[in-house]
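The sequence shown begins at 1 in full-length UniProt numbering and counts up one residue at a time.
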Amino acid sequence: MFLFEAKRILIVIFGALLNAISLNFFLIGANVYASGFTGAAQLISSVFNDFLGVGISTGVLLFILNIPVAILGWFKVGKGFTIYSAISVAFTTLFLTVLPIIELSQDIILNAVFGGVIGGIGVGITLKLGASTGGMDIVAMVLSRMKDKPIGTYFLLLNAIIIAMAGVLYRPENALYTMLTLYVTTRVIDAIHTRHEKITAMIITHKADELQRAIHNKMVRGITIIPAKGAYTKEDKNMMYLVITRYELYDLERIIGEIDPNAFTNIVQTTGIFGFFRRE
Numbered sequence: 001m002f003l004f005e006a007k008r009i010l011i012v013i014f015g016a017l018l019n020a021i022s023l024n025f026f027l028i029g030a031n032v033y034a035s036g037f038t039g040a041a042q043l044i045s046s047v048f049n050d051f052l053g054v055g056i057s058t059g060v061l062l063f064i065l066n067i068p069v070a071i072l073g074w075f076k077v078g079k080g081f082t083i084y085s086a087i088s089v090a091f092t093t094l095f096l097t098v099l100p101i102i103e104l105s106q107d108i109i110l111n112a113v114f115g116g117v118i119g120g121i122g123v124g125i126t127l128k129l130g131a132s133t134g135g136m137d138i139v140a141m142v143l144s145r146m147k148d149k150p151i152g153t154y155f156l157l158l159n160a161i162i163i164a165m166a167g168v169l170y171r172p173e174n175a176l177y178t179m180l181t182l183y184v185t186t187r188v189i190d191a192i193h194t195r196h197e198k199i200t201a202m203i204i205t206h207k208a209d210e211l212q213r214a215i216h217n218k219m220v221r222g223i224t225i226i227p228a229k230g231a232y233t234k235e236d237k238n239m240m241y242l243v244i245t246r247y248e249l250y251d252l253e254r255i256i257g258e259i260d261p262n263a264f265t266n267i268v269q270t271t272g273i274f275g276f277f278r279r280e
């Protein structure tokens, strides 16, 4: 168990390092902005530095912005998730402070694309390990439990503000390159994990009862168990059908791997649900 958690923490730290590299080596020097709270911290840092002559690190601002969010997440989301997210934010802040801000390329398109790719990998592997990079992810979880509405609206609103400010305060081209970075980041995260707020899992298994107990020991989700038969083998099996949030996907994958590694699992996007879905 210790080695498992240590590996999880190391990967979260590696994701934080990739986020810092994305910012300090590509995006900050080109005045191209990341998404969410990271982009907001980056924009505020740019404004203080370029217009007020006050140098404030993006990492420090990111840490400050995440303090109230972390408190909210601790009480509303869960201690485990918040702790791993806090580790991600803390190490991102550290790496942003330690790593120098350099320009590997003068080409703004290369900076936007490579910054988006590296940042997307950092966020993607962090989400895949059941944590987050803080900020909007924690806000999204709280809002999703309060109101069963698309969280993409809130991401879109914050990112739209970042894009607009980039165009107003700097050149209009900076807003377009920021849009390019956000698109690349989202596509990379999609490839590694998922941006869908709710997903449906269909698990074909011989060990439905054991899986059901293990899942309910970890999360409170309704499960429908349907008798199934293999078309080729003619073996009697069961299909477990359940809807979870993307933040629970890591725990579900781990449980299936421990109880029945031979189970066939299909994960699909859930665009909407009707009826009871636990939010608290």
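Even for Gly, the Cβ is constructed at its ideal location relative to N, Cα and C. Predicted, not measured: the structure shown is a model, and the values here were computed from it.
According to the Cβ coordinates, are residue i and residue j closer than 8 Å?
i           : j           : result
residue 238 : residue 223 : no
residue 57  : residue 3   : no
residue 135 : residue 32  : no
residue 124 : residue 184 : no
residue 263 : residue 204 : yes
residue 211 : residue 251 : no
residue 19  : residue 122 : yes
residue 186 : residue 34  : no
residue 77  : residue 142 : yes
residue 208 : residue 240 : yes
residue 72  : residue 166 : no
residue 255 : residue 199 : no
residue 80  : residue 188 : no
Buried or exposed: where does residue i fall if 16 or more other Cβ atoms within 10 Å of its Cβ makes it buried?
i           : result
residue 39  : buried
residue 22  : buried
residue 248 : buried
residue 190 : exposed
residue 230 : exposed
residue 161 : exposed
residue 36  : buried
residue 232 : exposed
residue 59  : buried
residue 45  : buried
residue 6   : exposed
residue 88  : buried
residue 280 : For residue 280, the predicted model reports a pLDDT of 48, less than 50, meaning its position is unreliable and no value from the coordinates is stated.
residue 217 : exposed
residue 107 : exposed
residue 269 : exposed
residue 139 : buried
residue 15  : buried
residue 114 : buried
Looking only at DSSP bridge pairs, what is residue i linked to?
i           : result
residue 241 : 202 and 224
residue 266 : 202
residue 128 : Looking at the DSSP assignment, residue 128 forms no beta bridge with any residue, so it has no partner.
residue 234 : Answer is none; residue 234 lacks a bridge partner.
residue 229 : 236
With distances taken Cα to Cα, identify the nearest neighbour of residue i among the options.
i           : options               : result
residue 62  : 257, 52 and 90        : 90
residue 65  : 119, 46, 93 and 12    : 93
residue 26  : 132, 126 and 178      : 178
residue 11  : 132, 112 and 100      : 132
residue 245 : 201, 257, 265 and 254 : 201
residue 8   : 163, 127 and 208      : 127
residue 29  : 48, 71, 255 and 104   : 104
residue 13  : 67, 51, 75 and 129    : 129
residue 219 : 101, 158 and 253      : 253
Does chain C have any CB closer than 8 Å to the CB of residue i?
i          : result
residue 29 : This model lacks chain C altogether; it includes just one protein chain.
Which runs of the beta strand (DSSP E) spanning at least 3 residues fall entirely within the segment 162-196, listed in chain order?
none
I'd like the ranges of any alpha helix (DSSP H) spanning at least 4 consecutive residues and lying wholly in the segment 50-97.
58-76
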